[in-house]
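Sequential numbering from 37 applies to the sequence shown in this note's numbering.
Idealized CB from N, CA, C, for every residue including glycine.
Here's the structure we're looking at; comments come further down.
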Amino acid sequence: MQLVSDLQQRPKKGRLKMEKSIVPFYDLCAMVQIVVFIIQTVTIYIGAYRTFVHNFFVTSHFQLAPALVYKTANCTFETTRNIYAFNNVTMKFTSSSVNDVFVDSAIQFRLSIFVMAVALFLGMINHVFVEINLFKVQYRNFTFWKDILSACELILLGYVIQIAVAAGPPSRLAQDYLNHCGIQTRNYLPYVGVVPMYVFAGVGFGSYAVGLTLYLYNSLPKYGVMSAEEIEEYKSWLRARRAEIEQSRVYIEQAKQAHARVQMIQSAEYNVAQARNDREKGRPTPMPFPSGQTAMLYDQPPPTMMPYPQPQPPYNMPPEMMMMQRSQLGMPQNGNLPPPQAFGMNPNAPAPNMPRRRR
Numbered sequence: 037m038q039l040v041s042d043l044q045q046r047p048k049k050g051r052l053k054m055e056k057s058i059v060p061f062y063d064l065c066a067m068v069q070i071v072v073f074i075i076q077t078v079t080i081y082i083g084a085y086r087t088f089v090h091n092f093f094v095t096s097h098f099q100l101a102p103a104l105v106y107k108t109a110n111c112t113f114e115t116t117r118n119i120y121a122f123n124n125v126t127m128k129f130t131s132s133s134v135n136d137v138f139v140d141s142a143i144q145f146r147l148s149i150f151v152m153a154v155a156l157f158l159g160m161i162n163h164v165f166v167e168i169n170l171f172k173v174q175y176r177n178f179t180f181w182k183d184i185l186s187a188c189e190l191i192l193l194g195y196v197i198q199i200a201v202a203a204g205p206p207s208r209l210a211q212d213y214l215n216h217c218g219i220q221t222r223n224y225l226p227y228v229g230v231v232p233m234y235v236f237a238g239v240g241f242g243s244y245a246v247g248l249t250l251y252l253y254n255s256l257p258k259y260g261v262m263s264a265e266e267i268e269e270y271k272s273w274l275r276a277r278r279a280e281i282e283q284s285r286v287y288i289e290q291a292k293q294a295h296a297r298v299q300m301i302q303s304a305e306y307n308v309a310q311a312r313n314d315r316e317k318g319r320p321t322p323m324p325f326p327s328g329q330t331a332m333l334y335d336q337p338p339p340t341m342m343p344y345p346q347p348q349p350p351y352n353m354p355p356e357m358m359m360m361q362r363s364q365l366g367m368p369q370n371g372n373l374p375p376p377q378a379f380g381m382n383p384n385a386p387a388p389n390m391p392r393r394r395r
């Protein structure tokens, strides 16, 4: 029933004139359906009240009224006609078997009231959605599209037509039986017409046909039924909308960059705080490998992953160890070579006899 798709949806104050004008048309169709439904319901109730003993709208045994039983007590009716999917069916009705015809007609009419009421309710909800320019109802991960209601309403309108077609043969058969028995009054249930059902369904289908026609026209590669002023207004609105989208994208990118910078700063601060805590607790600060006194054993040490160069010993050690003597730390005494332990030698072992270099 919408005149534009959800991709062409515009704010309520900026809707097309045709969208604003279609709402009174839908309201008129709904009023016609309400009037037809009330007339049909009242007519069926009056006819059923005079035809059956018990209430028609609750569980009933469909027992015929005493006046109708008395008037058809000695009446026999025989006829040959086409009914439903059968041709040339010969039927004979007496006062004891004609009740089935009235029951069939009553069931069809009672079902029509229920189906028309549900279709009318769904149609009114659809009209409200069109008026407030709502295409779907979304709650968390659940999305309910209005098109589901439209599809259900169309199915029910088709069912109303099917009921009207099915209620015709038993009603005509019961009318012929009553006329054959000399009953001239037309206040009984078989005389209730099915024309209101066709009107009800026709108005519903007509409203959808008008809405579908305008929807297809608006979906053409044009601006639909908008006037020249509305086209210019729509173009300006579209440009502003695209500018807002681009500005939002820029803001999102800036927010991502700021978030990345904050994460980097927090990570660096965490590393510095962790090293400070280690020093306060007396634990040596871990150094990237290789470092310290064994660094000279490698021709080219691998690059460090730290964001800043590591200090050389003893400045990267806790204060307690920095106050110790260099000999206690295992540092070279002459500042040139590492201690013998770095080469796997025992400092207490006698020096090997090395050949002297000739000068």
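Sequence-distant partners of Gln211 (beyond 5 residues in either direction) whose C-beta falls short of 6 Å from its own C-beta, in its chain, are Pro226. In this chain, the beta strand (DSSP E) harbouring Gln174 covers 172-175. With contacts defined as CB atoms closer than 8 Å, Ala142 and Phe92 qualify as a contacting pair.
Leu156 sits close to Ile70, with the two beta carbons spaced by under 8 Å.
Nearest C-alpha to Thr130 among Ala121, Asn118, Thr116, Cys111: Cys111. Counting the other CB atoms within 10 Å of its CB gives Phe113 a total of 16 or more, which places it among the buried residues. For Phe92, the secondary structure class from DSSP, reduced to helix, strand or coil, is coil. Cβ-Cβ separation between Tyr224 and Thr87: approximately 5 Å, consistent with a contact (criterion under 8 Å). If you draw a straight line from the Cα of Arg278 to the Cα of Ala200, it is about 53 Å long. Beta-bridge partners assigned by DSSP to Thr112: none are found. Annotation: the continuous alpha helix (DSSP H) that includes Val239 extends over 231-254. For Val134, there is no enclosing beta strand (DSSP E), as DSSP marks it with neither H nor E. Excluding five sequence positions before and after Cys65, the CB atoms of its chain that fall closer than 6 Å to its own CB belong to Val239, Ser243, given in chain order. Phe98 carries a coil assignment under DSSP once its states are collapsed to helix, strand and coil. Assigned with DSSP and collapsed to three states, Asn162 falls in helix. For Val125, the enclosing beta strand (DSSP E) starts and ends at 122-129. Rounded to the nearest whole angstrom, the CA to CA distance from Ile281 to Gln299 is 27 Å. When the beta-carbon positions are compared, Ile75 and Val228 stay at least 8 Å from each other. For Thr221, no beta strand (DSSP E) encloses it, and the DSSP letter there is neither H nor E. Excluding its 5 nearest sequence neighbours in each direction, Pro205 has C-beta neighbours in its own chain below 6 Å: Ile119, listed in chain order.
Linking Cys217 to Asn123 through their CA atoms gives a straight-line distance of about 25 Å. In this structure, Val134 places its C-beta atom within 8 Å of the C-beta atom of Tyr213. With respect to the C-alpha of Tyr234, the residue from Ile288, Val308, Val78, Ala202 having the closest C-alpha is Ala202. Using a Cβ distance threshold of 8 Å, Ile219 and Lys107 count as a contacting pair. From the listed residues Phe73, Val196, Asn162, the smallest Cα separation to Lys182 is found for Asn162.
Residues of the same chain with a CB within less than 6 Å of the CB of Tyr195, apart from the 5 flanking positions on each side, are Val151 in chain order. Straight through space, the alpha carbons of Ala103 and Phe241 are spaced by roughly 41 Å. Taking 8 Å as the cut-off, the Cβ atoms of Ile197 and Ala245 do not count as close. Your pair Glu167 and Val59 checks out as a contact, with CB atoms roughly 5 Å apart and the cut at 8 Å.
In terms of Cβ geometry, Leu158 and Leu192 form a close pair [threshold 8 Å]. Taken atom to atom, the span from the alpha-carbon of Phe171 to that of Phe180 is near 9 Å. Ile168 sits in coil when the DSSP states are folded into three classes, being neither helix nor strand. Distance from the CA atom of Ala121 to the CA atom of Val68, rounded to whole angstroms, is 33 Å.
Residues Phe73 of the same chain have their beta carbon placed closer than 8 Å to that of Ala153, with the five preceding and five following residues left out of the count.
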